[in-house]
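Input: a single structure, listed below in structure tokens.
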Amino acid sequence: MQDYIFATITGQVVFDYERCRQCEGKPCVASCPAGVLKLEGDVPVLAMDAEQVRKGKCTECLACELECHFQGAGGLKIELPIPGLDALMGVK
Numbered sequence: 001m002q003d004y005i006f007a008t009i010t011g012q013v014v015f016d017y018e019r020c021r022q023c024e025g026k027p028c029v030a031s032c033p034a035g036v037l038k039l040e041g042d043v044p045v046l047a048m049d050a051e052q053v054r055k056g057k058c059t060e061c062l063a064c065e066l067e068c069h070f071q072g073a074g075g076l077k078i079e080l081p082i083p084g085l086d087a088l089m090g091v092k
């Protein structure tokens with residue numbers, strides 16, 4: 001389920017808020033070196049203008065996704081498509 005999505009330079013960040021609400025520590029917010037995320041209620045949202053984030057404020061460093069995976073509830077996914085990768089890997 002995709003409850004919150006924002007664009008980055010080359011992809012997007014996708015949050016599953018059902019999982020986010022189960023997460024106690026919200027490590028994704030604290031792990032962002034650029035301060036892109038903040039908490040609003042019990043879920044992460046952008047802490048700045050979405051256009052700023054899309055133009056490079058989010059550096060796509062993957063810190064939020066890694067912290068969510070290892071310390072959180074696994075509700076965050078960063079999608080950074082690589083043109084031609086699916087064909088190379090044999091994915092249809």
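Start counting the sequence shown at 1; every next residue gets the next number (UniProt numbering). Just so you know, even glycine gets a beta-carbon here, dropped at the ideal spot from N, CA and C.
Check                                                                                                                                                      : Outcome
Tell me, which residues are paired with Gln12 by DSSP?                                                                                                     : Ala7 and Glu79
Per the contact definition of three or more C-beta pairs closer than 8 Å, is the stretch 62 to 69 in contact with the stretch 20 to 35?                    : yes
Does the structure place the stretch 80 to 91 close enough to the stretch 38 to 53 that three or more beta carbon pairs sit under 8 Å?                     : no
Whose C-beta lies closer than 8 Å to the C-beta of Leu80 among residues of the same chain, with five residues either side of it excluded?                  : Thr8, Thr10, Gly11 and Glu60
What does a CB cutoff of less than 6 Å around Asp42 pick up in its chain, not counting 5 residues either side in sequence?                                 : Arg21
Taking 9 Å as the CB-CB cut-off, is Cys20 touching chain E?                                                                                                : Absence of chain E from the displayed structure is noted, only one protein chain being present.
DSSP three-state call for Leu66: helix, strand or coil?                                                                                                    : helix
For Pro44, report the span of its beta strand (DSSP E) as first-last.                                                                                      : Val43 to Leu46
Using C-beta distances below 7 Å, list every residue in its chain close to Leu62, excluding the 5 sequence neighbours before and after it, in chain order. : Ile78
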